[in-house]
Amino acid sequence: MNIKEIIEGIYFVGVNDRTTHRFEALWPIPLGVSYNSYIVKGKTKTALIDGVEISECDKLRDNIESILGAGIAPDYLVINHMEPDHSGSIKVLRSFFPEMTIVGNAKTLEMVKGFYGIDDNTRKVADGETIDLGDVSLTFKITPMVHWPETMMTYVEEKATIFSGDAFGCFGALNGGIVDSETDIEPFIPEMYRYYSNIVGKYGIFVQKAIAKLSSLKIDYICPTHGPVWHDEIRRIGSIYDRLSRYEGENGVTIVYGSMYGNTEEMAEVIATRLAERGIKTIKMHNVSKSDPSYIISDIFRYKGLVIGAPTYSNTLFPPVESILNAIKTRELKNRVIGTFGSYTWAPQAVKRINQMLEDAKLYTSDVISVETKQAPTAATITDCRALADAIANQLSADDPS
């Protein structure tokens, strides 16, 4: 049983999922995912903080009973986030522990009724309200749209611990260790970028508001609903979320391209080679026909330079590239240095369409540099691709104070 006393009176009782292939039926999770649930024990009362995915209810009950004893119910179930990978267990938990009070804000309790038909033995809490458990208390910080309208966080001042819901979470099942100090966190870092960009990315302004709301609190432990508990690495993890939610890219370039017969791909290779010659070490290349969109979106969020290319397809844009551009627009990404390129046989539509979509998305910080070739790349095309790479490198260098 995956149980850990994080700090005196606070226990991890979550579960791992190493079976599901796609999170939200969309995003690949080759390293699995954890559904984190916690118990806070006070002298007089106990609280279960968040549930798990419905298929893991029996494991969660076993973990709860190992802490509280067989048949002993937590006094409260606090719901920080209603997405069903956490709330799916609510109805089953209520059947296990009918006397347990469900705690949530007004929007949460509306969803509890809507999803699970439960509207009895609930307690509505407001922003800043506190529930006393004896020697410790739970204070609720409502943080809407991180990343659903009902999301909130629960703070235990006496333990300097915040239960942050999906914020500061990441993909990846926990491999024995629960707290960052007892496990290798490096595999979780790219999974955090991917989790944020795939799931939370659209809501940067609300993440910034939540970070500001937490800034005055003493926090020694961050307990998210996915991934490790953060203690030693709080500063690093907070910095990643702060940067991502401000749409501030790292110094590097993501090249995203589609190519049916290799001509557009040849242009992508020339651009990448020239970027490397100009000293750009971090270059991520994605063929949209092979790379999963999850990883493409993650790299686009992470790095400041973005070069997108495609062939014209049926007098419009190669469909997988259009899909990626729509995903970027949906997430309201900003502040990227952009280059575009493409090829056509008789109708030059791809670059025109890419540029229009980028303009609609308000994605770039400076003029877009574009290159387009008719049929196969020529010597002039190669020269233009190198010039595009130079323009990207020059802008990144100008923007990088180091």
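Taken in order, the sequence shown gives residues 8 to 409; the numbers are from the working numbering.
Glycine is no exception: its CB is placed at the ideal position from the N, C-alpha and C atoms.
### Task
With F122 as the anchor, note down where its alpha helix (DSSP H) starts and where it stops.
Walking along the sequence shown from the start, residue 122 turns up at place 115. Note, F122: alpha helix (DSSP H), A113 to Y123.
### Query
Residues in its own chain within less than 8 Å of C392 by CB, not counting five upstream and five downstream?
By one-based count along the sequence shown, residue 392 stands at place 385. Within the same chain, C392 has close Cβ partners M274, V277, I278, R281, F348, V378 and P384.
### Message
Pull the bridge partners of A317 from the DSSP assignment, please.
### Response
Translated into the one-based positions of the sequence shown, residue 317 becomes position 310. Paired residues: G349.
### Cβ shell of D126 (< 7 Å), same chain only, five flanking positions each side left out
Here the question's residue 126 lines up with position 119 in the sequence shown. If we look at D126 and ignore the five residues flanking it on each side, its Cβ neighbours are K120.
### Task
Could you tell me the distance, in whole angstroms, from the CA atom of Y203 to the CA atom of A283?
Locating residue 203 in the sequence shown gives position 196, counting from the first residue. Locating residue 283 in the sequence shown gives position 276, counting from the first residue. About 28 Å.
### Message
If you follow the alpha helix (DSSP H) that Y202 is in, where does it begin and where does it stop?
### Response
For this step, residue 202 is matched to residue 195 along the sequence shown. Here the alpha helix (DSSP H) through Y202 covers F195 to Y202.
### Message
I need the DSSP call for R130, collapsed to helix, strand or coil.
### Response
Along the sequence shown, one-based indexing puts residue 130 at 123. Residue state, collapsed to three classes: strand.
### Message
Between which residues of its own chain and C2 is the CB-CB distance below 6 Å, once the five residues before and five after are set aside?
### Response
With the chain covering 8 to 409 only, the question about residue 2 has no answer from this structure.
#### Entry: Residue from P37, I389 and E106 with nearest C-alpha to R201
Position 194 of the sequence shown, counted from the first residue, corresponds to residue 201. Residue P37 is the option with its Cα nearest to R201.
### Task
Kindly indicate which residue of V47, E72 and Q363 has the alpha-carbon position closest to the one of Y83.
Working through the sequence shown from its first residue, we reach residue 83 at position 76. With distances taken between Cα atoms, Y83 lies closest to V47.
### Task
Determine the extent of the alpha helix (DSSP H) in which D406 is found, giving its start and end residues.
Counting from 1 along the sequence shown, the entry for residue 406 is found at position 399. Run containing D406: A386 to D406, per the alpha helix (DSSP H) assignment.
### Task
Find out if the Cβ-Cβ distance for the pair N258, K311 is shorter than 8 Å.
Along the sequence shown, read from residue 1 onward, the residue named residue 258 stands at position 251. Along the sequence shown, read from residue 1 onward, the residue named residue 311 stands at position 304. It is a contact, given that the beta carbons lie within the stated cut-off.
### Task
Can you give me the start and stop residues for the beta strand (DSSP E) that S305 sits inside?
The residue you call residue 305 lines up with position 298 of the sequence shown. Premise fails: S305 lies in the alpha helix (DSSP H), P300 to R309, not in any beta strand (DSSP E).
### Own chain, CB closer than 8 Å to E72, minus 5 neighbours either side, in chain order
Indexing the sequence shown from 1 puts residue 72 at position 65. Answer for E72: G78 and I79, listed in chain order.
### Message
For M267 and P327, I'd like the C-alpha separation in whole angstroms.
### Response
Sequence index remark: in the sequence shown, residue 267 carries index 260 (1-based). Sequence index remark: in the sequence shown, residue 327 carries index 320 (1-based). Rounded to the nearest angstrom, the two C-alpha atoms are 11 Å apart.
### Query
Grouping DSSP H, G and I as helix and E and B as strand, with all else coil, what is V47?
By one-based count along the sequence shown, residue 47 stands at place 40. V47: strand per DSSP, three-state reduction.
### Message
Buried or exposed, going by whether 16 or more other CB atoms sit within 10 Å of the CB of A113?
### Response
Start at 1 with the first residue of the sequence shown, and residue 113 comes out as number 106. It counts as exposed.
#### Entry: Top-ranked residue by Cα proximity to V74, from Y45, E366 and K216
On the sequence shown, residue 74 is found 67 positions in, with the first residue counted as 1. Here residue 74 is Ile; the residue named in the question, Val, does not match the sequence. If we check each option's Cα against that of I74, Y45 comes out closest.
### Task
Helix, strand or coil for I56, going by three-state DSSP, please let me know.
Taking the first residue of the sequence shown as position 1, residue 56 is located at position 49. Correct three-state label for I56: strand.
### Task
Could you please give me the residues that DSSP links to V85 through a beta bridge?
Within the sequence shown, numbered from 1, the residue matching residue 85 stands at position 78. Answer is I56 and V110, bridged to V85.
### Message
Just verifying my parser: in three-state terms, what is the DSSP assignment at I13?
### Response
Counting from 1 along the sequence shown, the entry for residue 13 is found at position 6. Three-state result, I13: strand.
### Task
Have a look at S102 and G124 and give me their C-alpha separation to the nearest angstrom.
The residue labelled residue 102 in the question sits at position 95 within the sequence shown. The residue labelled residue 124 in the question sits at position 117 within the sequence shown. For S102 and G124, the distance between alpha carbons rounds to 13 Å.
### Task
Grab me the residues of F175's own chain with a C-beta within less than 7 Å of its C-beta, minus the 5 sequence neighbours each way, in chain order.
One-based indexing of the sequence shown puts residue 175 at position 168. I229, P231, W237, I244 and Y248.
### Query
Straight-line CA distance for S252 to P156?
In the sequence shown, the residue the question calls residue 252 occupies position 245. In the sequence shown, the residue the question calls residue 156 occupies position 149. Straight-line Cα distance between these residues: approximately 17 Å.
### Task
Give the C-beta separation of G4 and G179 to the nearest angstrom, bearing in mind that I take them to be a contact with Cβ-Cβ under 8 Å.
Residue 4 lies beyond the range of the chain shown here (8 to 409); nothing can be said about it.
### Task
State the beta-bridge partners of T280 as determined by DSSP.
The sequence position of residue 280 within the sequence shown is 273, counting from 1. Looking at the DSSP assignment, T280 forms no beta bridge with any residue, so it has no partner.
### Query
Got a sec? Which residues, its chain only, sit under 7 Å from T198 by beta carbon, not counting five neighbours each side?
As a first step, residue 198 is located in the sequence shown; it is residue number 191 there, counting from the start. According to the sequence provided, residue 198 is Glu. The question's Thr does not apply to it. Excluding positions up to five away in sequence, the list reads L38, C177, F178 and G179.
### Query
Under a three-way DSSP split, which group does V263 fall into?
Translated into the one-based positions of the sequence shown, residue 263 becomes position 256. In this structure, V263 counts as strand in the three-state DSSP scheme.
### Query
From T150 to I212, what does the alpha carbon distance come to, in whole angstroms?
In the sequence shown, residue 150 corresponds to position 143, counting from 1. In the sequence shown, residue 212 corresponds to position 205, counting from 1. Cα-Cα distance, rounded: 11 Å.
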